[in-house]
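A.B. asks: Residue numbers (this note's numbering): 22 to 152. Note that beta-carbon positions come from the ideal geometry of N, C-alpha and C, so glycine has one too.
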Ligand SMILES: [Zn+2]
């Protein structure tokens, strides 16, 4: 089990929340450029992370233009939920520690460096699912 201190968890939470806000700003920027004003208003109307998932909302609206950001927002949301779990910080493949430094660099990481590179080698040719 990963041994993250409360302080480290708090730092990760802050990093994730900041990432989420950055992504939301990116989404708004993209939508503004695309002239989708109604989506811009919607993305800006949800003030806090939590009850209303901005990512879900945007997916419902079929906002394909912000696919990448929406996917990452979903990852961030899922990671924020996992922060409360005892096994947070464990690699989903080998069960070892992902490591605090790696998590700070990639807060949504679910694998340790070794498993991630294996995973990427295995799946690097997999086509991205598109709608
Ligand atoms: Zn691993």
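Please name the residue, chosen from 127, 126, 113, 120, that lies closest to residue 139 on a Cα-to-Cα basis.
C.D. replies: As a working note, residue 139 is residue 118 in the chain shown. Relative to residue 139, the option among 127, 126, 113, 120 whose CA is nearest is 113.
A.B. asks: Any heavy atom of ligand 1 closer than 7 Å to the CB of residue 160?
C.D. replies: A question about residue 160 goes unanswered here, because the residues of the chain that appear run from 22 up to 152.
A.B. asks: Would you mind reading off the limits of the alpha helix (DSSP H) that contains residue 87?
C.D. replies: Walking along the chain shown from the start, residue 87 turns up at place 66. Looking at the DSSP string, residue 87 is not in any alpha helix (DSSP H), and its letter there is neither H nor E.
A.B. asks: Quick one: grab the DSSP three-state call for residue 118.
C.D. replies: One-based indexing of the chain shown puts residue 118 at position 97. Residue 118: strand per DSSP, three-state reduction.
A.B. asks: Hey, could you find the ends of the alpha helix (DSSP H) residue 34 is sitting in?
C.D. replies: Your numbering for residue 34 matches position 13 in the chain shown. Its alpha helix (DSSP H) spans residues 27 to 55.
A.B. asks: Check whether the segment 105 to 121 and the segment 46 to 58 are in contact - that is, three or more C-beta pairs closer than 8 Å.
C.D. replies: Not touching, per the Cβ criterion.
A.B. asks: According to DSSP, is residue 110 part of a helix, a strand, or is it coil?
C.D. replies: In the chain shown, the residue the question calls residue 110 occupies position 89. Of the three classes helix, strand and coil, the one that applies to residue 110 here is coil, per DSSP.
A.B. asks: Where do the N-terminal and C-terminal ends of the alpha helix (DSSP H) with residue 136 fall, by residue?
C.D. replies: Numbered from its first residue, the chain shown carries residue 136 at position 115. It spans 134 to 144 - the alpha helix (DSSP H) in which residue 136 sits, taken as one unbroken run.
A.B. asks: With a 10 Å radius around its C-beta and 16 neighbouring C-beta atoms as the bar for buried, classify residue 115 as buried or exposed.
C.D. replies: What you label residue 115 is simply residue 94 of the chain shown in a count that begins at 1. Per the 10 Å Cβ criterion, exposed.
A.B. asks: Cβ-heavy atom distance between residue 114 and ligand 1 below 7 Å?
C.D. replies: By 1-based counting over the chain shown, the position of residue 114 is 93. A distance criterion of 7 Å places the beta-carbon of residue 114 in contact range of ligand 1, judged by its closest non-hydrogen atom.
A.B. asks: Indicate, with yes or no, if ligand 1 has a heavy atom lying under 7 Å from the CB of residue 153.
C.D. replies: Since the first and last residues shown for the chain are 22 and 152, residue 153 lies out of range.
A.B. asks: Compute the distance between the beta-carbons of residue 53 and residue 87, then report whether it is under 8 Å.
C.D. replies: Indexing the chain shown from 1 puts residue 53 at position 32. Indexing the chain shown from 1 puts residue 87 at position 66. No, the Cβ-Cβ distance between residue 53 and residue 87 is not below 8 Å.
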